[in-house]
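Residue numbers (the working numbering), protein chains in the order written: chain A, 3 to 224; chain B, 62 to 207.
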């Protein structure tokens, strides 16, 4: 297949996946909203009930509150997943880097938990919005975090740091812990591909000796 | 349970079960709630009745939230409309506010937050009515010679 056609197909696939995912999360939120209100209504009825029936129904309250808590947890993830899906709507948009990093951290927290690695953030306040491709940037950072998750031992920590200057922002990935000397065979793209992504974003990437990675991005691609 | 609020609202969402349960909870807090499951039907309701606030879902089949708010505001620019959205995009929110939505809340909604937005909307509406009355009185005073 011609390279350009292949690229166009890939983009189409991404848009397709984004749309399906956005629609799915939207529906899930609707269902959860009904469950949340139903649980809330039961709690209202209990609290409004006569004292005798209120006493009988009281043991139900902790269970209803547990339902509420679990719904809130689900909604938290679904909100991030919904925003993540919408990142694929357009190849270029204005966005806050902190938003996309927060999204990734929520969506990747399960992977980190399974490896017993802590994922934390150290963001500089008031980082300006940038104009770039948010889905591609998330993909790049996902690959970098995933590679670290595969190479770090349990109990390690990965910190995402941000800072900015007049015309660019910096994202630093700082791993702390024991690095295992194993080659990663996990289907992640090669360094060449990652370089290609960063070129596409008009940025730069630097791998430092202490395993830290710094991504430099312009505020605007123009 | 939170304090009672005396307000009349129209709840518009195509998810019937959602508005059924939400309206019961709101009624339990003293509100008078009318419900509508489409933008088209909501427009008819607004034409026939005066509401302190309209709680409107953004994504609905047929007439969507943005188009509904546009038509409602054309009918009555003073309507206080609170948008509900399941989609978390900034663009949609900006579009709704541009069309004149008083506020935007994400679904599933925090009931206390919704109640405080309804109260705010009612307060805004009262201020608008008071201002209109004041202007009418001024007009009358101007035209009379006493």
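Yeah, the Cβ is synthetic: ideal placement off N, Cα and C, and Gly gets one too. Computed from a predicted structure; not experimentally measured.
Neighbour-count burial assignment, residue i, 16 or more Cβ in a 10 Å radius
| i | result |
| --- | --- |
| residue 79 (chain B) | buried |
| residue 74 (chain B) | buried |
| residue 2 (chain A) | This structure gives no information on residue 2 (chain A), because the portion of chain A shown stretches from 3 to 224. |
| residue 188 (chain B) | exposed |
| residue 10 (chain A) | exposed |
| residue 35 (chain A) | buried |
| residue 19 (chain A) | exposed |
| residue 122 (chain B) | exposed |
| residue 208 (chain A) | exposed |
| residue 24 (chain A) | buried |
| residue 180 (chain A) | exposed |
| residue 182 (chain A) | exposed |
| residue 65 (chain A) | exposed |
| residue 7 (chain A) | exposed |
| residue 192 (chain B) | exposed |
| residue 134 (chain A) | buried |
| residue 129 (chain B) | buried |
| residue 2 (chain A) | As displayed, chain A neither begins before 3 nor continues past 224, which places residue 2 (chain A) out of reach and without an answer. |
| residue 50 (chain A) | exposed |
| residue 239 (chain A) | Beyond the ends of chain A as shown, which are 3 and 224, falls residue 239 (chain A); an answer cannot be given. |
| residue 90 (chain B) | buried |
Whole-Å CB distance - residue i paired with residue j, under 8 Å assumed
| i | j | result |
| --- | --- | --- |
| residue 203 (chain A) | residue 219 (chain A) | 6 Å |
| residue 199 (chain A) | residue 138 (chain A) | 6 Å |
| residue 41 (chain A) | residue 69 (chain A) | 5 Å |
| residue 16 (chain A) | residue 90 (chain A) | 5 Å |
| residue 113 (chain B) | residue 69 (chain B) | 5 Å |
| residue 103 (chain A) | residue 160 (chain A) | So it is not a contact: roughly 12 Å between Cβ atoms. |
| residue 176 (chain A) | residue 214 (chain A) | 5 Å |
| residue 176 (chain B) | residue 96 (chain B) | Contact flag wrong, Cβ pair sits at about 17 Å. |
| residue 99 (chain A) | residue 173 (chain A) | 7 Å |
| residue 88 (chain B) | residue 94 (chain B) | 5 Å |
| residue 156 (chain A) | residue 211 (chain A) | That belief does not hold up - the Cβ atoms of residue 156 (chain A) and residue 211 (chain A) are roughly 24 Å apart, past 8 Å. |
| residue 160 (chain B) | residue 127 (chain B) | 6 Å |
| residue 77 (chain A) | residue 110 (chain A) | At roughly 18 Å, the Cβ-Cβ gap does not stay under 8 Å, so residue 77 (chain A) and residue 110 (chain A) are not in contact. |
| residue 72 (chain B) | residue 106 (chain B) | That belief does not hold up - the Cβ atoms of residue 72 (chain B) and residue 106 (chain B) are roughly 10 Å apart, past 8 Å. |
| residue 71 (chain A) | residue 86 (chain B) | That pair is no contact at about 18 Å. |
Bridge partners - residue i, DSSP secondary structure assignment
| i | result |
| --- | --- |
| residue 208 (chain A) | A:216 |
| residue 130 (chain B) | Answer is none; residue 130 (chain B) lacks a bridge partner. |
| residue 98 (chain A) | DSSP, once it has assigned bridges, lists no residue as partnering residue 98 (chain A). |
| residue 204 (chain B) | Answer is none; residue 204 (chain B) lacks a bridge partner. |
| residue 177 (chain A) | A:160 |
| residue 221 (chain A) | In DSSP, residue 221 (chain A) forms no bridge with anything. |
| residue 94 (chain B) | B:70 |
| residue 154 (chain A) | A:181 |
| residue 235 (chain B) | Residue 235 (chain B) is absent from the model: chain B starts at 62 and stops at 207. |
| residue 144 (chain B) | B:117, B:165 |
| residue 166 (chain A) | A:171 |
| residue 132 (chain A) | A:97 |
| residue 124 (chain A) | A:163 |
Reduced DSSP secondary structure (H/G/I, E/B, other) of residue i
| i | result |
| --- | --- |
| residue 76 (chain B) | coil |
| residue 112 (chain A) | helix |
| residue 75 (chain A) | helix |
| residue 165 (chain B) | strand |
| residue 67 (chain B) | coil |
| residue 82 (chain B) | helix |
| residue 4 (chain A) | coil |
| residue 109 (chain B) | helix |
| residue 135 (chain B) | helix |
| residue 55 (chain A) | helix |
| residue 91 (chain A) | coil |
| residue 148 (chain A) | helix |
| residue 119 (chain A) | coil |
| residue 192 (chain A) | coil |
| residue 64 (chain A) | helix |
| residue 170 (chain B) | coil |
| residue 70 (chain A) | helix |
| residue 20 (chain A) | helix |
| residue 51 (chain B) | The structure shown does not extend to residue 51 (chain B), since chain B spans only 62 to 207, so no value can be given for it. |
| residue 89 (chain B) | coil |
| residue 160 (chain B) | coil |
| residue 203 (chain A) | coil |
| residue 40 (chain A) | helix |
| residue 177 (chain B) | helix |
| residue 49 (chain A) | helix |
So does the region 140-148 of chain B actually touch the region 165-172 of chain B, counting three or more Cβ pairs closer than 8 Å?
yes
Can at least three beta-carbon pairs, one atom from the region 113-130 of chain B and one from the region 91-100 of chain B, be found at a separation below 8 Å?
yes
Would you call the region 180-187 of chain B in contact with the region 81-99 of chain A, where contact means no fewer than 3 C-beta pairs closer than 8 Å?
no
When you compare the region 125-136 of chain A with the region 164-175 of chain A, are there three or more beta-carbon pairs, one atom per stretch, that lie closer than 8 Å?
yes
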